[in-house]
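Peer 1: Have a look at this one.
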Amino acid sequence: MKEMTRRSFMKNTAAATGALTIGTAIPGVWLSCSKVNVKGYFESEFGITESMYQKVLAEALSKGGDFADLYFEHTISNWIMLEDGKVNRAYSQVDLGVGIRTVNGDQVGYGFTQELTEASMMAAASTAATIADSNSKNPAASYTSLKTENYYPLKSLLSTVPLESKLPLVQSVNDQCFDLSSNIIKVSAGFHDQQKRTLVVSSDGVKAEDLLPRNYLYASVVAEKDGKRERSGWNLGGRKDFSYYTPEVVTEVAKTAVDHVNVLFEAVQPPAGEMPVVLGPGVTAILLHEAIGHGMEADFNRKNVSTYATMIGKKVAEPFVTIVDDATNPKLPGSLNVDDEGTPGQKTVLVDNGILSSYMHDKISAKHYKLEPTGNGRRESYQHYVQPRMRNTYMLPGPSKPEDVIKSVKKGIYVKTVSNGQVQIGAGDFAFFVSQGNLIEDGKITAPIKDINIMGNGPKMLTNITMLADDLEMSKGGGGMCGKGGQGVPVGFGQPTCLVKSMTVGGKKA
Numbered sequence: 017m018k019e020m021t022r023r024s025f026m027k028n029t030a031a032a033t034g035a036l037t038i039g040t041a042i043p044g045v046w047l048s049c050s051k052v053n054v055k056g057y058f059e060s061e062f063g064i065t066e067s068m069y070q071k072v073l074a075e076a077l078s079k080g081g082d083f084a085d086l087y088f089e090h091t092i093s094n095w096i097m098l099e100d101g102k103v104n105r106a107y108s109q110v111d112l113g114v115g116i117r118t119v120n121g122d123q124v125g126y127g128f129t130q131e132l133t134e135a136s137m138m139a140a141a142s143t144a145a146t147i148a149d150s151n152s153k154n155p156a157a158s159y160t161s162l163k164t165e166n167y168y169p170l171k172s173l174l175s176t177v178p179l180e181s182k183l184p185l186v187q188s189v190n191d192q193c194f195d196l197s198s199n200i201i202k203v204s205a206g207f208h209d210q211q212k213r214t215l216v217v218s219s220d221g222v223k224a225e226d227l228l229p230r231n232y233l234y235a236s237v238v239a240e241k242d243g244k245r246e247r248s249g250w251n252l253g254g255r256k257d258f259s260y261y262t263p264e265v266v267t268e269v270a271k272t273a274v275d276h277v278n279v280l281f282e283a284v285q286p287p288a289g290e291m292p293v294v295l296g297p298g299v300t301a302i303l304l305h306e307a308i309g310h311g312m313e314a315d316f317n318r319k320n321v322s323t324y325a326t327m328i329g330k331k332v333a334e335p336f337v338t339i340v341d342d343a344t345n346p347k348l349p350g351s352l353n354v355d356d357e358g359t360p361g362q363k364t365v366l367v368d369n370g371i372l373s374s375y376m377h378d379k380i381s382a383k384h385y386k387l388e389p390t391g392n393g394r395r396e397s398y399q400h401y402v403q404p405r406m407r408n409t410y411m412l413p414g415p416s417k418p419e420d421v422i423k424s425v426k427k428g429i430y431v432k433t434v435s436n437g438q439v440q441i442g443a444g445d446f447a448f449f450v451s452q453g454n455l456i457e458d459g460k461i462t463a464p465i466k467d468i469n470i471m472g473n474g475p476k477m478l479t480n481i482t483m484l485a486d487d488l489e490m491s492k493g494g495g496g497m498c499g500k501g502g503q504g505v506p507v508g509f510g511q512p513t514c515l516v517k518s519m520t521v522g523g524k525k526a
């Protein structure tokens with residue numbers, strides 16, 4: 017294959033992003049590495065040297081630019097899946113490469129290669145450099161390793177745990193689902209684990225390394241009763257060690273999936289219309305993430321797309337509402353020791369006692385606003401450019417008790433879990449399917465509900481939160497991925513029980 021046919025160049029007029037792909041072969045099949053240590057991994061395993069950083073970064077800045085960086089990645093992913101007790105898929109995937117970025121103002125030149133050779137990296141850097149058009153700029157003469165906290169320490173790597181040790185977890189979930197209810201007619205169960213090693217080297221002299229685990233155990237069930245079929249599922253995980261997956265965790269996955277599907281046979285469809293909605297603690301915070309959080313990512317505000325573009329320092333919620341985006345929660349899916357630009361993981365207060373106090377920034381937006389980056393620069397892989405992205409987004413506890421929140425509602429609905437959402441990020445308009453919930457009648461939780469949507473506007477919903485309980489709960493799932501700009505990254509979310517005084521409920525006509 018000729019070299020020109022192995023390359024592609026793309027410039028996005030909105031983001032002014034160049035992209036280059038070089039090579040298809042991975043040098044060696046790096047399916048397993050037993051080392052938990054982080055420091056010097058790419059140097060020892062792939063022969064990357066400081067002189068190579070220097071040369072490649074110099075090429076990336078050969079036509080000028082504000083800064084350049086290299087993002088090395090080696091990811092090992094494993095899946096094992098059962099259907100009705102039989103293994104139907106089991107495989108591993110390896111991703112290895114480096115992304116090279118040149119930043120010139122708010123424009124980005126980007127190249128990447130799967131081949132960690134100097135020649136391939138220089139070619140990718142040359143493409144990234146085309147975004148700039150001034151005099152060349154020299155990178156730092158030396159590189160200092162960034163010292164970070166470790167929010168997901170590991171006893172061992174899951175890539176070293178044999179399939180024979182993972183399979184019993186999945187088999188047990190499958191068996192327990194069938195044993196727990198005679199209504200269950202189909203079970204899909206699985207275990208996914210991933211370890212991602214990263215190295216960021218920036219032209220300003222920063223060098224940051226990380227080892228990010230991610231894993232989860234799941235069950236999806238179909239049940240039949242009196243000729244009717246329902247389906248549900250559950251998963252638990254995060255940035256965990258294999259020791260997390262105890263018999264109790266396995267049982268919780270199976271039991272929650274089965275309980276959720278069986279309650280749907282007793283569920284009713286509530287009246288449609290505007291009514292109070294109580295959002296339960298934990299997983300319902302996907303609404304907070306999707307309908308509100310995205311609007312606080314700095315790129316949408318820098319481009320004047322978000323409703324919050326002119327709202328810094330202004331009231332956006334009641335004084336008892338504080339929202340944070342946090343990389344420092346131990347072992348949650350969105351936790352980061354360091355982001356994908358080399359900024360240390362940290363906690364960012366977005367809404368402070370009802371006042372919008374900060375956006376989520378990467379380096380580009382931080383420079384635009386003359387601020388420090390908040391550690392929100394994230395990317396799906398070395399093949400993707402950086403965007404401001406959420407990590408673990410949650411609302412702090414409020415002053416009320418959850419039972420008092422429910423007692424305050426004469427007629428409304430209680431939402432336990434939501435799914436299949438659609439959000440218009442700029443305006444914040446949303447619609448979500450309620451997968452688990454109940455009616456609230458005269459201050460009491462009554463019949464389970466199904467087949468409804470809740471609709472509204474994120475910023476308006478935030479202002480309509482009139483009660484907030486003290487029972488903050490983080491979602492315990494490990495499979496949640498957030499999509500933006502064609503990229504998916506793992507995230508976490510959580511909240512206490514809260515009352516939204518009015519939302520549109522799409523059910524049957526009253």
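Here this note's numbering = 1-based position in the sequence shown + 16.
Glycine included, every Cβ here is placed at the ideal spot set by N, Cα and C.
(1) List the whole-angstrom C-beta distance separating G358 from L162, where the pair is believed to meet the contact cut-off of C-beta under 8 Å.
(2) Taking the beta strand (DSSP E) that P506 falls in, what are its first and last residues?
(3) Work out the CA separation of S136 and Y87 for me, nearest whole Å.
(4) What span of residues does the beta strand (DSSP E) with V279 cover, start to end?
(5) Based on the DSSP secondary-structure assignment, which residues constitute the bridge partners of C514?
(6) Going by alpha carbons, who is nearest to Y159 out of P418, T176, D209 and L215?
(7) Would you list the residues sitting across from N509 in a DSSP beta bridge?
(8) For the putative contact between I470 and F448, defined by C-beta atoms under 8 Å, what is the C-beta separation to the nearest angstrom?
(9) Let me make sure I understand the geometry here. Which of Q403, K466 and Y107 has the alpha-carbon closest to that of G504?
(10) Would DSSP call T479 helix, strand or coil?
(11) If you run the structure through DSSP and keep just helix, strand and coil, what is M327?
(12) Looking at G254 and P349, is the spacing between their C-beta atoms short of 7 Å?
(13) Go through its chain and collect everything with a Cβ distance to I380's Cβ below 7 Å, but skip five positions before and after it.
(14) Is the distance from the Cβ of S491 to the Cβ of V299 below 7 Å?
(15) Using only the alpha-carbon positions, how far apart do D82 and Q211 sit?
(16) For my contact list, A145 and G125 are in at a C-beta cut-off of 8 Å; report their separation, rounded to the angstrom.
(17) Is the Cβ-Cβ distance between S204 and E268 less than 7 Å?
(18) Measure the alpha-carbon distance for S89 versus V72 and round it to whole angstroms.
(19) Taking 8 Å as the cut-off, does the stretch 217-235 touch the stretch 252-266 (at least 3 CB pairs, one atom from each stretch)?
(20) Let me know the secondary structure DSSP gives E225 once reduced to three states.
(21) Could you tell me how far apart the beta carbons of S188 and K79 are, in whole angstroms, since I believe they sit closer than 8 Å?
(22) Do you know whose CA, among M477, L387, S198 and V294, lies nearest H305's CA?
(23) Enumerate, from N- to C-terminal direction, the unbroken beta strand (DSSP E) stretches of 3 or more residues contained entirely within the stretch 354-423.
(24) Quick one: what's got a C-beta closer than 8 Å to M497's C-beta in the same chain, skipping five residues either side?
(25) Whole angstroms are fine: how far does the CA of L366 sit from the CA of Y375?
(26) Does DSSP classify D220 as helix, strand or coil?
(27) Let me make sure I understand the geometry here. Which of Y398, Y385, L252 and G391 has the alpha-carbon closest to that of G494?
(28) Helix, strand or coil for D257, going by three-state DSSP, please let me know.
(29) Roughly how many angstroms lie between the CA atoms of P178 and T262, to the nearest whole one?
(30) Buried or exposed: which applies to A463, given that a residue is buried once 16 or more other Cβ atoms fall within 10 Å of its Cβ?
(31) So, is F25 buried or exposed, given that buried needs 16 or more other C-beta atoms within 10 angstroms?
(32) Determine the burial state of Q285: buried for a count of at least 16 other Cβ atoms within 10 Å of its Cβ, exposed for fewer.
(33) Looking at C-alpha atoms only, which residue of S93, A301 and D420 is the closest neighbour of L488?
(34) With 16 as the cutoff for other CB atoms within 10 Å, does S198 come out buried or exposed?
(35) For S150, which option in I92, A141 and L77 has the closest C-alpha, if you only look at C-alpha atoms?
(36) For G44, which of helix, strand or coil comes out of DSSP?
Peer 2: The relevant details are as follows:
(1) In the sequence shown, counting from the first residue as 1, residue 358 sits at position 342. In the sequence shown, counting from the first residue as 1, residue 162 sits at position 146. G358 to L162, Cβ: 6 Å. Contact.
(2) Taking the first residue of the sequence shown as 1, we reach residue 506 at position 490. Under the DSSP assignment, P506 falls in the beta strand (DSSP E) whose first and last residues are Q503 to P506.
(3) As a first step, residue 87 must be located in the sequence shown, where it is residue number 71. As a first step, residue 136 must be located in the sequence shown, where it is residue number 120. Each residue's CA atom was taken as its position, placing Y87 and S136 some 14 Å apart.
(4) Looking up residue 279 in the sequence shown gives position 263. Counting along the chain, V279 falls outside any beta strand (DSSP E), though it belongs to the alpha helix (DSSP H) covering P263 to V279.
(5) Residue 514 sits at position 498 when you count from the first residue of the sequence shown. Answer is L295 and L484, bridged to C514.
(6) On the sequence shown, position 143 is the one that residue 159 refers to. Checking every option, the nearest Cα to that of Y159 belongs to L215.
(7) Within the sequence shown, residue 509 is the residue found at index 493, counting from 1. The residue you asked about is not Asn; residue 509 is Phe in the sequence shown. BP columns for F509 point to T409.
(8) In the sequence shown, the residue the question calls residue 470 occupies position 454. In the sequence shown, the residue the question calls residue 448 occupies position 432. Yes, they are in contact, since the Cβ atoms of I470 and F448 sit about 6 Å apart, within 8 Å.
(9) Sequence index remark: in the sequence shown, residue 504 carries index 488 (1-based). Nearest C-alpha to G504 among Q403, K466 and Y107: Q403.
(10) Residue 479 sits at position 463 when you count from the first residue of the sequence shown. Helix.
(11) Within the sequence shown, the letter at position 311 stands for residue 327. In this structure, M327 counts as coil in the three-state DSSP scheme.
(12) Locating residue 349 in the sequence shown gives position 333, counting from the first residue. Locating residue 254 in the sequence shown gives position 238, counting from the first residue. It is a contact, given that the beta carbons lie within the stated cut-off.
(13) Position 364 of the sequence shown holds residue 380. A distance below 7 Å between beta-carbons, with the five flanking residues on each side excluded, links I380 to the following residues of its chain, in chain order: V119 and D122.
(14) Here residue 491 refers to the residue found at position 475 when the sequence shown is read from its first residue. Here residue 299 refers to the residue found at position 283 when the sequence shown is read from its first residue. The beta carbons of S491 and V299 sit closer together than 7 Å.
(15) Here residue 82 corresponds to residue number 66 of the sequence shown, with the count starting at 1. Here residue 211 corresponds to residue number 195 of the sequence shown, with the count starting at 1. The alpha-carbon separation between D82 and Q211 amounts to approximately 32 Å.
(16) Translated into positions along the sequence shown, residue 145 becomes position 129. Translated into positions along the sequence shown, residue 125 becomes position 109. Sure, about 6 Å apart at Cβ, within 8 Å.
(17) To locate residue 204, count along the sequence shown from 1; it is residue 188. To locate residue 268, count along the sequence shown from 1; it is residue 252. Their beta carbons are not under 7 Å apart, which means S204 does not touch E268 by this criterion.
(18) Taking the first residue of the sequence shown as position 1, residue 89 is located at position 73. Taking the first residue of the sequence shown as position 1, residue 72 is located at position 56. Per the sequence presented here, residue 89 reads as Glu, with Ser not at that position. Their Cα atoms are separated by approximately 16 Å.
(19) The stretch 217-235 and the stretch 252-266 touch, with three or more beta-carbon pairs separated by less than 8 Å.
(20) Counting from 1 along the sequence shown, the entry for residue 225 is found at position 209. DSSP places E225 in the strand class (E or B) of the three-state scheme.
(21) The sequence position of residue 188 within the sequence shown is 172, counting from 1. The sequence position of residue 79 within the sequence shown is 63, counting from 1. Contact annotation, S188 with K79: C-beta distance approximately 58 Å; criterion of less than 8 Å not satisfied.
(22) Numbered from 1 along the sequence shown, position 289 holds the residue referred to as residue 305. That would be M477, whose Cα lies nearest to the Cα of H305.
(23) Runs found: 363-368 and 408-411.
(24) By one-based count along the sequence shown, residue 497 stands at place 481. Counting only Cβ-Cβ distances below 8 Å, and skipping sequence neighbours, we find G504, V505, P506 and V507.
(25) In the sequence shown, residue 375 corresponds to position 359, counting from 1. In the sequence shown, residue 366 corresponds to position 350, counting from 1. Cα to Cα, Y375 sits roughly 6 Å from L366.
(26) One-based indexing of the sequence shown puts residue 220 at position 204. Residue state for D220 is assigned as coil, using DSSP reduced to three classes.
(27) Along the sequence shown, read from residue 1 onward, the residue named residue 494 stands at position 478. For the residues Y398, Y385, L252 and G391, the minimum Cα distance to G494 belongs to L252.
(28) Your numbering for residue 257 matches position 241 in the sequence shown. For D257, the secondary structure class from DSSP, reduced to helix, strand or coil, is coil.
(29) Here residue 178 refers to the residue found at position 162 of the sequence shown. Here residue 262 refers to the residue found at position 246 of the sequence shown. Taking the Cα positions, P178 is about 17 Å away from T262.
(30) For the purposes of this step, residue 463 is identified with residue 447 of the sequence shown, where counting begins at 1. A463 sits exposed, since fewer than 16 C-beta atoms from the chains shown fall within 10 Å of its C-beta.
(31) Residue 25 sits at position 9 when you count from the first residue of the sequence shown. Any reading at F25 must be qualified, since the residue scores a pLDDT of 28, below 50, and its modelled position is unreliable; no value is offered.
(32) Working through the sequence shown from its first residue, we reach residue 285 at position 269. Counting other Cβ atoms within 10 Å of its Cβ, Q285 stays below 16 and is therefore classed as exposed.
(33) On the sequence shown, position 472 is the one that residue 488 refers to. Of the listed residues, the one whose Cα sits closest to L488 is A301.
(34) Numbered from 1 along the sequence shown, position 182 holds the residue referred to as residue 198. With fewer than 16 other Cβ atoms within 10 Å, it is exposed.
(35) Reading the sequence shown from its first residue, position 134 is the one you call residue 150. When each option's Cα is compared against that of S150, the closest is L77.
(36) Along the sequence shown, one-based indexing puts residue 44 at 28. Because G44 sits at a pLDDT of 41, beneath the cut-off of 50, its placement in the model cannot be relied upon, and the point is left open.
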